[in-house]
Amino acid sequence: MADTIARRRPPAHVKYVEWAIEGLVRLCGVSAIVFILAIFVFIGKEGLVFLAEHVGGMLTSTDWGPTNEPAMYGILALVAGTLWCVGLSLILSVPMGLAAAVYLAEFAPEGRREFLKIVVELLAAIPSVVWGFIGVMILNPLLQWMGAPVGLNGLNGAIVLALMTLPLLVSLGEDSLRAVPESYRQAAIAMGATKWEMVWRVLLPAARRGLLVAVLLGVGRCVGETMAVLMVTGHSVRIPDGLYSPVRTLTATIAAELGEAVRGGEHYQALFALGILLFFVTFLVNLAADTVVRERKLQ
Numbered sequence: 081m082a083d084t085i086a087r088r089r090p091p092a093h094v095k096y097v098e099w100a101i102e103g104l105v106r107l108c109g110v111s112a113i114v115f116i117l118a119i120f121v122f123i124g125k126e127g128l129v130f131l132a133e134h135v136g137g138m139l140t141s142t143d144w145g146p147t148n149e150p151a152m153y154g155i156l157a158l159v160a161g162t163l164w165c166v167g168l169s170l171i172l173s174v175p176m177g178l179a180a181a182v183y184l185a186e187f188a189p190e191g192r193r194e195f196l197k198i199v200v201e202l203l204a205a206i207p208s209v210v211w212g213f214i215g216v217m218i219l220n221p222l223l224q225w226m227g228a229p230v231g232l233n234g235l236n237g238a239i240v241l242a243l244m245t246l247p248l249l250v251s252l253g254e255d256s257l258r259a260v261p262e263s264y265r266q267a268a269i270a271m272g273a274t275k276w277e278m279v280w281r282v283l284l285p286a287a288r289r290g291l292l293v294a295v296l297l298g299v300g301r302c303v304g305e306t307m308a309v310l311m312v313t314g315h316s317v318r319i320p321d322g323l324y325s326p327v328r329t330l331t332a333t334i335a336a337e338l339g340e341a342v343r344g345g346e347h348y349q350a351l352f353a354l355g356i357l358l359f360f361v362t363f364l365v366n367l368a369a370d371t372v373v374r375e376r377k378l379q
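Heads up: the sequence shown runs through residues 81 to 379, numbered per the working numbering.
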């Protein structure tokens, strides 16, 4: 018996390898948290004092002019431009993304489904600067042909963001629909429901939390996008007053002006204050998505 136990006991070097792997995995997990905290500390160190001193003026003014005399740091127009692009993009992408997810999950033949999933993954791999080129070279003249005085505007940015968000919505939406137990489908069909009735009255309500998570992550994707919206929105600091209004987003402002700001100066700190605002918004969006996922697991 003792010989059998001894033979089953792993060699000493195997234990050392296991300890090394466990330590590496633990180190990777802890390092991710450390990196996030380090980013927050870095952004906060540069912009938190400025934000505390100027938060009232920033949230009550639409004038953004760091190089003016005196300098103006109102962000209402930037926030409005960001919300305008994000809202329009969700209006375009959510119905299309969820419809495509339903088609892939329930109606597409197996071979076609696998092919379309590969296409969706390829769309997700396109760099944002390429989407920006598409907006400048294709959507810009198209919108001018449709009557827009300037093709680089908020609608152009919303269309580009919608195209960039679609792969995320389609992929997560299809996963959520296919995660619904097969018994739900069988029960609906057994009660005489048609395929569309089963999808509308059974699958979509059953997968609503997963679909909501997909939409929330899409919001985070749109809010954080920089290069594409910098290229196609017109970069005009103004409250949008029409579908074709040029706008400027928070992320585009940081990307365009950070290279020109004097390190440690007031303008530099103001841009980091915008970064803190974006960090807070994306944190809330991800927290909401995580809360929805946790509630889904508890049910």
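The C-beta atom is built at its ideal place from N, Cα and C for all residues, glycine as well.
By the neighbour-count definition (other C-beta atoms within 10 Å, threshold 16), V209 is an exposed residue. Around the beta carbon of V327, 16 or more other beta carbons sit within 10 angstroms, so the residue counts as buried. For P221, the enclosing alpha helix (DSSP H) starts and ends at N220 to W225.
Under the Cβ criterion (8 Å, minimum of three pairs), the segment 269-283 does not count as touching the segment 112-123. Scanning the segment 234-303 for uninterrupted alpha helix (DSSP H) segments of 4 residues or longer gives 234-258, 262-270 and 275-278, listed from N- to C-terminal end. The distance from the Cβ of V299 to that of V166 is about 6 Å, consistent with a contact at the 8 Å cut-off. Secondary structure of Y324 (DSSP, three-state): coil.
Of the residues assessed, S111 falls on the exposed side of the cut-off, its CB having fewer than 16 other CB atoms within 10 angstroms.
With contacts defined as CB atoms closer than 8 Å, V240 and A180 fail to qualify as a contacting pair. If you look at T147, you'll find it isn't in any alpha helix (DSSP H); DSSP assigns it neither H nor E.
A check of alpha carbon separations from L139 across E149, E126, G127 and L158 identifies L158 as the nearest. Distance from the CA of G109 to the CA of F115, rounded to the nearest whole angstrom, comes to 10 Å. With a threshold of 16 other beta carbon atoms within 10 Å, S325 meets it and is buried. Judged by pairs of C-beta atoms under 8 Å, the segment 172-189 touches the segment 245-258, as three or more such pairs exist.
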